[in-house]
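> My questions all concern the structure below.
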Amino acid sequence: MTIQLHDTLRGKKVAFEPLDAGKVTMYLCGPTVYNYAHIGNARPAVVFDVLARLLRQRYTLKFARNFTDVDDKINAASLASGKPIGEITERFKRIYNEDMAALGVLPPDVEPCATDHIGEMIDMISVLIDNGHAYVAENHVLFDVNSNPDYGSLSKRDLREMIAGARVEVAPYKKAAHDFVLWKPSTPELPGWDSPWGRGRPGWHIECSAMAKKHLGVTIDIHAGGQDLVFPHHENEMAQSECAHGGEVFARYWLHNGFLSIDQEKMSKSIGNVLLVHDLVKQVPGEVIRLALLSAHYRQPLDWSDKTLESARRMLDRLYGALRGVGPGTDARAGASVPARVLAAIEDDINTPQAMAELFALARALNRSTDNAERTQLAAAMLAAGDLLGLLQLDPDDWFAGDTGGELSSADIDRLIEKRADLKRDKDFAAADAIRDELLNAGVRIEDGSDGTTWRRA
Ligand code: AMP
Ligand code: ZN
């Protein structure tokens, strides 16, 4: 079947055909690396990882997910903490990748960093100035929104209405309220690069346009991100890229995920309801979080509550429970293809709730079957479906033993507990306590009893 994807620009689901037969390019706007990713940030990473897995089964995929490592929020974090910018961005890049790996997100093919593409950004800005789509004003370079009649087509905004309704104070050097920054001046203490317009730094939107072009070409097949990016980020990316390339299409399919809320409220620091992936992966297996993120269709809102993880864990218990004791050999697993109904669901605009319903139907059939050959086949089919969704990656026995690919395996924990007992015997209580803390940090609680020490995952 052809893959159907909902394209934001056309406002409907359409059949997907890559520009070059057999090859697909995809760009996902990645994180700004100045703090930990929250569970909402993980939604695009996980959902579009499923799409990447599907595309890889059929095409040669080149998938780029960038890091925004120059940004005023990063500068503010550096000022507040007294740490150099590079130290902050390197740290949070590493943590982001570790957290996403814990959620089963496979690494993209390229992870470009904005600061490695300043030259490309300057080149694109120069073209935009030369062809009359950008202008220099007070050491800034601005994109001239009025020069582009298509501006507003992605987010379905009418520029005249936007201007009439704008109440924002407009910087005096702008020709029009919605002109946006391509380049801005930096003071000596801020990061900056030499450019034809003086020492400065890029605006956010130009980063993605320059990185997408460098790694994927002038026209890319799929551009994805969260719904909040449609305007202004993606509208601006599209305007810059198309105006810099003589009107060549920038992205052929625009995909946007809906927002994740917590108990019907927007996640925000002021409400204090921000759930960090970094904390959650210590508390529950990554697959539980992943399944929860895939439990709603990606374009729908997803409301997260106390029950979300509990019910995702129970669902995985049922799936692993069906698989336990069947153990299709490696050959069966390698040879099995994704069951047609699961594949059809994912091909239908990444319908993960439907795919999961099909997975549960397979688990029920497996539970009912008494025929060994059939059971092996059903288990292999479930595992192939799991590979497409990035679920069921563990051995069922490990799942039930709590060896869920967290930071520590059961064997690691036993070893640490033994070491702690030795230290206590040697009266090195500080070192023994350090081990207790290390375990607690990894989400493992220990209890000393008359029969020795027992542990459980918190
Ligand atoms: P940011 O680092 O804020 O640019 O966000 C990284 C990605 O997470 C972007 O694709 C955002 O659209 C997406 N995102 C941010 N908050 C949420 C949320 N609450 N639900 C779903 N996606 C989100
Ligand atoms: Zn972007």
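Using the numbering used here, read the sequence shown as starting at 886 and increasing by one per residue. Don't be surprised by glycine CBs; every beta carbon is placed ideally from N, CA and C. Remember, predicted model here, so these are calculated numbers, not experimental data.
State the start and end residues of the unbroken beta strand (DSSP E) segment that holds aspartate 1020.
According to the sequence shown, residue 1020 is tyrosine rather than aspartate. That run of the beta strand (DSSP E) goes 1019-1022.
> Three or more C-beta pairs under 8 Å: does that hold for the stretch 900-914 against the stretch 1101-1110?
Touching, yes, given that three or more Cβ pairs across the two stretches are closer than 8 Å.
> Any chance the stretch 935-945 sits against the stretch 1278-1287, with 3 or more Cβ pairs inside 8 Å?
Verdict: no, contact absent.
> Would the stretch 1232-1242 and the stretch 1166-1186 be scored as touching if the rule is three or more Cβ pairs under 8 Å?
In short, these stretches touch, since the Cβ pair count reaches three.
> Taking only three categories from DSSP, how would you classify proline 992?
Coil, per DSSP.
> For leucine 939, is the classification buried or exposed, using 16 other Cβ atoms within 10 angstroms of its Cβ as the cut-off for buried?
The residue is buried, with at least 16 neighbouring Cβ atoms inside 10 Å.
> Using a Cβ distance threshold of 8 Å, determine whether the stretch 920-935 contacts the stretch 1165-1183, with at least three qualifying pairs required.
Verdict: yes, contact present.
> Consult DSSP for tryptophan 1284 and reduce its assignment to one of helix, strand or coil.
In this structure, tryptophan 1284 counts as helix in the three-state DSSP scheme.
> So which of Leu1114, Pro1034, Gly1083 and Glu972 has the shortest CA-CA distance to glutamate 1344?
Nothing about residue 1344 can be read from this structure; the chain reaches only from 886 to 1343.
> Taking 7 Å as the line, does the beta carbon of cysteine 1128 fall inside it for any heavy atom of ligand 1?
Cysteine 1128 Cβ: outside cutoff for every heavy atom of ligand 1.
> Leaving out five residues on either side along the sequence, give the residues of the same chain with a beta carbon under 6 Å from the beta carbon of leucine 894.
Closer than 6 Å at Cβ, skipping near neighbours: Leu1039 and Trp1139.
> Excluding five sequence neighbours on each side, which residues of the same chain lie with their C-beta closer than 7 Å to the C-beta of alanine 1177?
Closer than 7 Å at the Cβ level, and outside the excluded window around alanine 1177, lie Thr1193, Leu1194 and Ala1197.
> By a C-beta neighbour count over all protein chains shown, 10 Å radius and 16 as the cutoff for buried, is arginine 1310 buried or exposed?
Classification for arginine 1310: exposed.
> Return the Cβ separation of leucine 1308 and alanine 1317 in integer angstroms, given the expectation that the two are a contact with Cβ distance under 8 Å.
So it is a contact: roughly 4 Å between Cβ atoms.
> Reducing DSSP to helix, strand and coil, say where aspartate 1335 ends up.
Inspection of the sequence shows that residue 1335 is occupied by serine rather than by aspartate. Coil at serine 1335, not helix or strand.
> Alpha carbon to alpha carbon, how far is lysine 1154 from proline 1224?
Roughly 43 Å between the two C-alpha positions.
> Using 8 Å as the threshold, is the C-beta distance between glycine 1132 and histidine 1119 below it?
Their beta carbons are not under 8 Å apart, which means glycine 1132 does not touch histidine 1119 by this criterion.
> Quick check: the Cα distance between arginine 1044 and histidine 1018, rounded to an integer number of angstroms?
A quick correction: the sequence has leucine, not arginine, at residue 1044. Each residue's Cα considered, the two are about 16 Å apart.
> Tell me the rounded alpha-carbon separation between proline 1170 and threonine 1289.
The straight-line gap from Cα to Cα measures roughly 6 Å.
> So is leucine 1325 in contact with chain C if we call contact Cβ pairs under 8 Å?
The structure shown contains no chain C; it holds only a single protein chain.
> So what's asparagine 1326 in DSSP terms, helix, strand or just coil?
Note: asparagine 1326 maps to helix in three-state DSSP.
> Here's a check: name, in chain order, each residue in its chain whose Cβ is nearer than 6 Å to the Cβ of tyrosine 1205, leaving out the five neighbours to either side.
Counting only Cβ-Cβ distances below 6 Å, and skipping sequence neighbours, we find Pro1281 and Trp1284.
> Use the C-beta contact count for lysine 1312: other C-beta atoms within 10 angstroms, 16 or more gives buried, fewer gives exposed.
Exposed.
> Which residue comes first and which comes last in the alpha helix (DSSP H) that contains arginine 1175?
It spans 1171-1179 - the alpha helix (DSSP H) in which arginine 1175 sits, taken as one unbroken run.
> Cα separation between proline 1057 and isoleucine 1014?
Taking the straight line joining both Cα atoms gives about 19 Å.
> What residue range does the beta strand (DSSP E) around alanine 900 cover?
Alanine 900 -> beta strand (DSSP E) spans 897-900.
> Verify whether the separation of the beta carbon atoms of arginine 1300 and arginine 1321 is less than 8 Å.
Their beta carbons are not under 8 Å apart, which means arginine 1300 does not touch arginine 1321 by this criterion.
> Nearest by alpha-carbon distance to leucine 1244: which of Ser1254, Gly1037, Ala1264 and Ala1258 is it?
The residue with the shortest Cα to Cα distance from leucine 1244 is Ala1264.
> Please classify proline 1073 as buried or exposed, where buried requires at least 16 neighbouring CB atoms within 10 angstroms.
Proline 1073 comes out exposed.
> Among the residues of its own chain, which have a CB less than 6 Å from the CB of lysine 898, if the five just before and after it don't count?
Around lysine 898: Gln889, His891 and Asp1234.
> In the DSSP output, what is proline 1070 paired with across the bridge?
Paired residue(s): Gly1085.
> At a cut-off of 7 Å, is arginine 928 close to ligand 1 when judged by its beta-carbon and the heavy atoms of the ligand?
Answer for arginine 928: yes, Cβ within range of ligand 1.
> Please classify histidine 923: does DSSP put it in a helix, a strand, or coil?
Histidine 923 falls in the strand class under three-state DSSP.
> Could you compute how far the alpha carbon of alanine 1022 sits from the alpha carbon of valine 1055?
Between alanine 1022 and valine 1055, the C-alpha separation is close to 14 Å.
> With a cut-off of 8 Å, do at least 3 Cβ pairs link the stretch 1069-1084 to the stretch 978-996?
As far as the Cβ criterion goes, the stretch 1069-1084 does not touch the stretch 978-996, which means the pair count is below three.
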